[in-house]
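Undergrad: Going by UniProt numbering, 46 is the number at position 46 of the sequence shown; the sequence numbering is gapless.
If you scroll down you'll find the structure; I have some questions about it.
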Amino acid sequence: SCGQCGKSFTQSKNLIKHQRTHSAARPHRCPQCGRGFAQSTNLQKHQRVHAARGQALACPDCGQ
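The following block contains the structure:
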């Protein structure tokens, strides 16, 4: 269970994700603007903003 709020999880990966809500950890970075996100799904949603503005999504490894 979470040491901050006591919420319980059946899978440890869900506890790890949840614990980021209590900290400043933002390990998922947008390659376009550098904004950080606690969860990869939030980064994916954010990247749609760049796509909607006509900014192509580049591969973080090769840049294409």
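Note that the Cβ used here is the ideal one computed from N, Cα and C, for glycine as well.
Computed from a predicted structure; not experimentally measured.
Find the nearest neighbour of Ser12 within the set Gln44, Arg48, His22, Ser1, judged by alpha-carbon distance.
TA: Indexing the sequence shown from 1 puts residue 12 at position 12. Ranking the options by Cα distance to Ser12, first place goes to Ser1.
Undergrad: Restricting to Cα atoms, I'd like to know which of Pro31, Cys33, Asn42, Gly34 is closest to Lys17.
TA: By one-based count along the sequence shown, residue 17 stands at place 17. Residue Asn42 is the option with its Cα nearest to Lys17.
Undergrad: Three-state secondary structure (DSSP) at Arg48?
TA: The sequence position of residue 48 within the sequence shown is 48, counting from 1. Helix.
Undergrad: Would you kindly report the start and end of the unbroken alpha helix (DSSP H) that includes His18?
TA: In the sequence shown, residue 18 corresponds to position 18, counting from 1. His18 -> alpha helix (DSSP H) spans 12-19.
Undergrad: In whole angstroms, what is the alpha-carbon distance linking Lys45 and Gly6?
TA: Position 45 of the sequence shown, counted from the start, is the residue given in the question as residue 45. Position 6 of the sequence shown, counted from the start, is the residue given in the question as residue 6. If you take the alpha carbons of Lys45 and Gly6, they lie about 29 Å apart.
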